[in-house]
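Step one of this worksheet: look at the structure below.
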Amino acid sequence: MTEHIVLRHRDLEGLDQLDVYLENGGFGALESIVKKKSPEQVIDIVKKSGLRGRGGAGFPTGVKWSFLSPDVFPRYVVANADESEPGTFKDREIMERNPFQFLEGVAICAYAAQANVAYIYCRGEFWDLTRELDSKIEQLKELGLLGKKLFASDYSLEMQTHLGAGAYICGEETALLESLEGKLGQPRLRPPFPAAEGLYGKPTVVNNVETLTNLPPIINRGADWFSSIGTEKSTGTKVFSVSGKVERPGNYELPLGATFRELIFERAGGIPNGHAIKAILPAGASAPILPATKEVLDTGMDYESVSQVGSSLGSASIIVIDETVDIAWVESKITDFFEHESCGKCTPCRDGTYWMKHIFERIMHDTAQPQEIDLLHTVGIGIQGKCLCALGDFAGLAVTSALERFGPEFDLHAVGNSSKAA
Amino acid sequence: MLAEIYTQEIEAILAKYPSDQKRSAVMPLLFLAQREYGTLTNEAISEVGELIGLQSTEVASLVGFYTLYHDRPGGKYRIQVCTDLPCSLRGAQAFADELCEKLDIRMGETTPDGQVTVEEVKCLAACDHAPMFQLQEPNGIHYYEDQSAGSAMALIEALRVKGQVD
Ligand SMILES: Cc1cc2nc3c(=O)[nH]c(=O)nc-3n(C[C@H](O)[C@H](O)[C@H](O)COP(=O)(O)O)c2cc1C
Ligand code: SF4
Ligand code: FES
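Residue numbers (my numbering), protein chains in the order written: chain A, 485 to 906; chain B, -15 to 150.
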């Protein structure tokens, strides 16, 4: 595929400038729906396109919108720009380089949801980027593309950015809403889901930046066009963030269903220094590690196929591990991450990640007893299925899957095993 | 007092949220207080609480929860190096170690002149440009990508000069 749909700035110089964006059809999608389509019709188009959430869960976007409690107002739309999954850096490129397509997408979502206020929740570290977005929003207001009575209709829309302050868990949508309400960023018990009771207890749609950025082209070119890209159940393209042991780390936009092999070896240039690939983390820290077998490398990166080989696509942040890297070390880093980011609300997650971190410290110092490696597995199992949000499951699953798939690399660190791991 | 120095800015912050949801303004107000006072002391925290009718203890728990708020003094400039997994696969740890060595401090410490603190942070969504860090200064956060100890030291020297003037 040569054309970019989400990373369109790569094909069009200066697309981050409003005049260039407008010259290239910008805000035509918003204008056409506000003038000619009902919110229900927009929801139908998005349902038909097959677009699924790009923030990790892959939930069908139009279906999610149709869950909004009927006749309850005001409603809110919140763009999830918290992007904090290790290895994920696509939303940042989108917002920096193709900001107006993203903002138009937010507006389309807001119109479909009949929300008059949309918030963009950016992780606090995106400070400079958020200031830029603020000025872009001002430009849109000046041109009447945001504000009261858009395109001489009765529909009005206001947009506000909101900065987080450093907490991975605020990417989880209910923690994000708590944080936006000025509270600790801790997930809520569900149901109720945000579509029923979200921000300030009102019906709310939360969507990822990349999801929203797909909306203008879907409106402009139609649901059939969009669903002709990708696979039957995973339609459209995906921006894959590739990091770790590759020649050319970066974002690559490919149709869903492209293989790991194409992404890693053709696009990202393969493994440096003639080393062999060993493992793949397909969704940052938040999905089981995959041994880079021939079967896995030839697997299509779509929601269904990655599950079939024993992991999940998540936010599609592909971290590549080569033969020089010790898997026990990889998992110790991942466990550090989750221990640091657990919000502390549930005991299994808070204490389980703490214990795993301490066992890993001993493993990495080669002072762990063989039984402690078994204990690590027990703790990892113990966290899963007992927590309020998926972070706990991710933390447990990362470790148990690695122990099951790369056990000997852990055993090398046990006391009494003199041959050290690479 | 923040209310006097930043009257307009505070109004603009409050206007972002529904008038009966002032609490939502607490995070931007904490950033404002941190800009003014450097550290979020008890006084700064209760001042923010008063602006939106929130107990100091509640504001303080937010300060403890979010990593970009600081209730303990550190350097005026915080160099926050990402040493998370993807960056560590591309030399971030060696970079962090070398930087600390050049500054003659350990990770987490502040240089004797009180200007620069070096800290480790988790993924900053810049893994394709490792080694990288963000600079948190009183009024903002900026990214520095594809760094070497040399380029970081050059920045730090410039900051030290600036820090003495400001
Ligand atoms: C621990 C955790 C962290 C998450 N972090 C993010 C994030 O940084 N960005 C994001 O868009 N979604 C994140 N999500 C997913 C959101 O909860 C939510 O599913 C998503 O924002 C919905 O938007 P989408 O349907 O457009 O993907 C996270 C989920 C969990 C459990
Ligand atoms: S699983 Fe972990 S991160 Fe999620 S709510 Fe419970 S303690 Fe918080
Ligand atoms: S791991 Fe360092 S920016 Fe992502």
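Backbone N, C-alpha and C define an ideal beta-carbon position, used for all residues, glycine too.
Q. Relative to chain B, which residues along the segment 863 to 875 of chain A have a C-beta separation below 9 angstroms, given in chain order?
A. Those residues of the segment 863 to 875 of chain A that come within reach of chain B (Cβ to Cβ, closer than 9 angstroms) do not exist; the list is empty.
Q.
Under 8 angstroms, Cβ to Cβ, is there at least one residue of chain B near A/S619?
A. Not closer than 8 angstroms to any Cβ of chain B, the Cβ of A/S619 fails to qualify, so no.
Q) Which word fits A/A906, buried or exposed, when buried means at least 16 other C-beta atoms lie within 10 angstroms of its C-beta? A) Model confidence at A/A906 stands at a pLDDT of 43, short of 50, so the residue's coordinates are unreliable; what they give is reported in the following sentence. In summary, A/A906 is exposed, with fewer than 16 beta-carbon neighbours lying within 10 Å of its beta-carbon over all protein chains present.
Q: Return the CA-CA distance between A/R705 and A/H488, expressed in angstroms with no decimal places.
A: A/R705 and A/H488 have their C-alpha atoms some 14 angstroms from each other.
Q. Ends of the beta strand (DSSP E) at A/N450?
A. In the structure displayed, chain A extends from 485 to 906; residue 450 of chain A sits before or after that span and is not available.
Q: Select from the segment 709 to 742 of chain A all residues with a C-beta closer than 9 angstroms to any C-beta belonging to chain B, and list them in chain order.
A: Within the segment 709 to 742 of chain A, the qualifying residues are S725, V726, S727, G728, K729, R732, P733, G734, N735.
Q: Decide if the segment 20 to 33 of chain B is in contact with the segment 618 to 634 of chain A; the criterion is three or more beta carbon pairs, one per stretch, under 8 angstroms apart.
A: No, the segment 20 to 33 of chain B is not in contact with the segment 618 to 634 of chain A.
Q) Which residue from A/Y603, A/G571, A/T486, A/E609 puts its Cα closest to that of A/F821? A) Minimum Cα distance to A/F821 is reached at A/G571.
**Q.** Rounded C-alpha distance that separates A/A707 from A/V690
**A.** Going by the C-alpha atoms only, they are around 21 angstroms apart.
Q. Is DSSP giving A/L624 helix, strand or coil here?
A. If DSSP states are grouped into helix, strand and coil, A/L624 belongs with the helices.
Q) List, in order along the chain, the chain A residues whose C-beta lies closer than 8 angstroms to that of B/T51? A) Going along chain A in sequence order, the residues near B/T51 (Cβ under 8 angstroms) are A649, G650, A651.
Q | A/L875 Cβ short of 7 angstroms to ligand 2 heavy atom set | A | Yes, the Cβ of A/L875 comes within 7 angstroms of a heavy atom of ligand 2.
Q. DSSP three-state call for B/A(-1): helix, strand or coil?
A. Note: B/A(-1) maps to coil in three-state DSSP.
**Q.** Near ligand 2: B/S40 beta-carbon under 7 angstroms from a heavy atom
**A.** Checking the Cβ of B/S40 against ligand 2 gives no.
Q: Determine whether the Cβ of A/F612 lies closer than 8 angstroms to any Cβ atom of chain B.
A: Residue identity check: residue 612 of chain A is Asp in the sequence provided, not Phe. Between A/D612 and chain B, the shortest Cβ-Cβ separation is below 8 angstroms.
Q. Shorter than 8 angstroms from the beta carbon of A/F821 to some beta carbon of chain C?
A. Absent from the structure is chain C; the protein chains it does hold are A and B.
Q: Specify, as a first and last residue, the run of the alpha helix (DSSP H) that A/H503 falls within.
A: At residue 503 of chain A the sequence reads Asp, which differs from the His that was named. Start and end: 502 to 507.
**Q.** Classification of A/T851 by the beta-carbon crowding that lies within 10 angstroms, buried from 16 upward
**A.** When all chains shown are included, A/T851 counts as exposed.
Q: Tell me whether A/N901 is buried or exposed, calling it buried when 16 or more other Cβ atoms sit within 10 Å of its Cβ.
A: Exposed is the call here.
Q | Burial state of A/V899 (16 or more Cβ within 10 Å) | A | So A/V899 ends up on the exposed side.
Q. Is any beta-carbon of chain B found at less than 8 angstroms from that of A/K817?
A. Output row for A/K817: interface = yes.
**Q.** Delimiting residues of the alpha helix (DSSP H) encompassing A/K531
**A.** A/K531 -> alpha helix (DSSP H) spans 523 to 533.
Q | Top-ranked residue by Cα proximity to A/T695, from A/G682, A/H646, A/G798 | A | Comparing Cα-Cα distances from A/T695 to each of A/G682, A/H646, A/G798, the minimum goes to A/G798.
Q: Could you work out which residue in B/L83, B/P122, B/T95 is closest to B/P115 when comparing CA atoms only?
A: Minimum Cα distance to B/P115 is reached at B/L83.
Q | Exposed unless 16 or more other CB atoms sit within 10 angstroms - verdict on B/R62 | A | Classification for B/R62: buried.
Q | Beta-bridge pairing of B/E104 - partner residues as DSSP gives them | A | Bridge partners of B/E104: B/V65.
Q: Could you confirm whether any beta carbon from chain B is found closer than 8 angstroms to the beta carbon of A/A906?
A: Low local confidence applies: a pLDDT of 43 at A/A906 is under 50, so the model's placement there is unreliable, with the coordinate-based value given in what follows. Chain B contact via Cβ: absent.
Q: Give the C-beta separation of A/S727 and A/I805 to the nearest angstrom, bearing in mind that I take them to be a contact with Cβ-Cβ under 8 angstroms.
A: Not really, about 11 angstroms apart at Cβ, beyond 8 angstroms.
(Q) Counting only C-beta atoms, is B/S30 closer than 8 angstroms to chain A at any point? (A) Chain A, which has no Cβ nearer than 8 angstroms to the Cβ of B/S30, makes this no.
Q | A/A563 - DSSP class collapsed to helix/strand/coil | A | In the structure shown, A/A563 falls within a strand segment according to DSSP collapsed to helix, strand and coil.
Q. By a C-beta neighbour count over all protein chains shown, 10 Å radius and 16 as the cutoff for buried, is A/T777 buried or exposed?
A. Around the C-beta of A/T777, fewer than 16 other C-beta atoms lie within 10 Å, and the residue is accordingly described as exposed.
Q: Compute the Euclidean distance between the alpha carbons of B/C66 and B/L108, then round it to the nearest angstrom.
A: Within the model, the alpha-carbon separation for B/C66 versus B/L108 is close to 7 angstroms.
Q.
Suppose contacts are defined by Cβ-Cβ distances below 8 angstroms. Is A/V883 in contact with A/G869 by that definition?
A. In this structure, A/G869 does not lie closer than 8 angstroms to A/V883 by Cβ.
Q) In whole angstroms, what is the alpha-carbon distance linking B/L73 and A/E888? A) Cα to Cα, the separation comes out at about 23 angstroms.
(Q) Spatial neighbours of B/Q39 within its chain, please: C-beta separation below 8 angstroms, excluding the five flanking residues on both sides. (A) Only G33 meet the Cβ criterion.
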